[in-house]
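Below is one structure, written out as structure tokens; comments come after it.
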Amino acid sequence: MSLSKNSKIGVVGAGTMGTGIAQIAATFGHPVFLFDAYPDQLKKSKDGLENILDRQVKKERMSSDEVDGILSRIHFVDHMKDFTDCDIVFEAIVEVTRTKKDQIARIEAIVGKNCIIATNTSSLSIASLSSALKTTGRFLGIHFFNPAPLMKLVEIIPGISTDPETVKQARSLIDSWNKITVLAKDTPGFIVNRVARPFYGEALRIYEEGIADHTTIDWAMKELGGFKMGPFELMDLIGHDVNYAVTESVFEAFYFDPRFKPSFAQKRLIEAGRLGKKSGIGFYDYREGAENTDPEKNDTLGAVILNRILVMLINEAADAVFMNVATVEDVDLAMLHGVNYPKGLLQWADELGLDWVLSQLENLQNHYGEDRYRPNPLLKQKVKDGKNFHEK
Ligand SMILES: NC(=O)c1ccc[n+]([C@@H]2O[C@H](COP(=O)([O-])OP(=O)(O)OC[C@H]3O[C@@H](n4cnc5c(N)ncnc54)[C@H](O)[C@@H]3O)[C@@H](O)[C@H]2O)c1
């Protein structure tokens, strides 16, 4: 049996991500059952979705008939009885291994034997969550990005025991929702949350060394690099508690590889309660009447900053390919559509010249003498062979 427009969808967890996934599925005509363990959260999810869709009508992006159709297809439920004949269920509850495992086992006990079960986890291993199931072949990671209805990218992550048929069916369903799917190996951070680490980590390192302040680093990345947001603005927006937790979990999961080392500067912000925009102050001060310093708009300094962060990002992208986490094409698609980078990193590397990228990394490694800056073997091999990443 393959998944189709009529397939019945279950979503567990009516928070930010679960509500977004339910909205997408209902937009594409599926009957959806959205369950949350907390009735207040269900109400919040329903009210929030109605507001979002209402705004779409006001902006004339959707007709009220379309909105009524979407809302009529989503059933906000405080039990999982209706999940018995679901064809696929998405788990999108809190990021806690024990809680997720319990919930996944409960889903399996209710659904039919052909139902696919997917998790939206950002940081937990698919292998560990799959151990909660009796039939592990039906389980995989389907990782949406926030906000799910707007972000094009979805990472598809088979676990060690996932059946190829499960991957095929799940991927074609998500493709039918106009998403860009990429295939990622079950490794920490999958593609995006792994490859993007230097965007924050190297920016923080430059800041800690006192090479430039946060506003100057943000200016360089936006004005000279074409990134939509600077690393410090973005960390302030994500929240330092959340961003630091991801960095720390990736660092631990990679057995403390210095490439992923968290930063004291960010830790101190959290300890001081300066979590970013949500607490009124992070690196920037968002409180009323607050003044923030201007960047030092020096092109030479800006180029040093951009090049250093960019080559570290490229090195990480190369490593994802080298370690068979994903293909060159999928790594580029992931960074373009999962975090809206201005260019695919490996495409960018080809344009800059791989020998130049390698020499920048070698300079950093020679200067600092740190393993953090070691150039990836795949990059070195490409330079040796006179090849690019995108050459067949
Ligand atoms: N927020 C993001 O940017 C983002 C992006 C990608 C993936 N994710 C992942 O998606 C998942 C959900 O994240 P979120 O941001 O939507 O969280 P959230 O806190 O907004 O929502 C979680 C929901 O799960 C509910 N819940 C908790 N325990 C439950 C249980 N046992 N049974 C049923 N419902 C339960 C909560 O009431 C809440 O409504 C996490 O695994 C997270 O890592 C989040």
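80 is the number of the first residue of the sequence shown in my numbering; add one for each residue after it.
All residues carry an ideal CB built from backbone N, CA and C; glycine is no exception.
Test item: CB-CB of residue i and residue j under 8 Å
i    : j    : result
M314 : Y279 : yes
V329 : F343 : no
L219 : I235 : yes
K307 : N419 : yes
F224 : G417 : yes
L232 : A413 : yes
E174 : S142 : no
H74  : F269 : Given that the chain is displayed from residue 80 to residue 471, the structure contains no residue 74 and the question cannot be resolved.
L374 : T295 : The sequence shown places Pro at residue 374, not Leu. Yes; because the gap between Cβ atoms is below 8 Å, this pair is in contact.
L433 : N467 : yes
V246 : A405 : no
H154 : V111 : yes
L82  : Q248 : yes
L303 : G381 : yes
L316 : K376 : no
L252 : I167 : yes
R273 : A399 : yes
G359 : L348 : no
L437 : V462 : yes
Identified DSSP bridge partners for residue i
i    : result
D320 : None; D320 has no bridge partner.
P237 : L219
H154 : F112
L262 : I235
A184 : Beta-bridge pairing links A184 to no other residue.
T198 : E170 and G220
V91  : F114 and E170
Residue i versus residue j: straight-line alpha-carbon distance, rounded
i    : j    : result
K122 : Q182 : 21 Å
V383 : I259 : 33 Å
K84  : C165 : 13 Å
K180 : G448 : 43 Å
N199 : A299 : 33 Å
V156 : E312 : 37 Å
W256 : L150 : 17 Å
P454 : V390 : 9 Å
P337 : T326 : 11 Å
Y365 : I189 : 47 Å
R387 : Q439 : 8 Å
T241 : R217 : 6 Å
N130 : P228 : 14 Å
A184 : A197 : 12 Å
K264 : E331 : 18 Å
A369 : A282 : 24 Å
E408 : P277 : 20 Å
F114 : K125 : 11 Å
Y410 : P267 : With the sequence shown as reference, residue 410 is identified as Val, and Tyr is not the correct amino acid for it. About 15 Å.
L431 : E288 : 26 Å
D161 : I100 : 18 Å
D147 : A171 : 24 Å
K459 : F333 : 22 Å
T95  : P226 : 8 Å
Y117 : V271 : 31 Å
T163 : G89  : 10 Å
T214 : L208 : 12 Å
R152 : S86  : 12 Å
F107 : Y323 : 36 Å
W427 : Y286 : 24 Å
L354 : A275 : 20 Å
P310 : N193 : 43 Å
T372 : G305 : 21 Å
D378 : L392 : 21 Å
G127 : D429 : 44 Å
L443 : A104 : 47 Å
G423 : L415 : 6 Å
M402 : E367 : 47 Å
D297 : S210 : 42 Å
H158 : W435 : 58 Å
Q120 : Q102 : 16 Å
Exercise. Considering only residues of the region 285-364, which uninterrupted beta strand (DSSP E) runs meet the minimum length of 3 residues and lie entirely inside it, listed in chain order?
Worked result: none
Exercise. Which whole runs of the alpha helix (DSSP H) in the region 431-462 are 4 residues long or more, in chain order?
Worked result: 433-447
Problem set entry | Uninterrupted alpha helix (DSSP H) stretches inside the region 366-425 (no shorter than 4 residues) | Runs found: 378-401 and 407-417.
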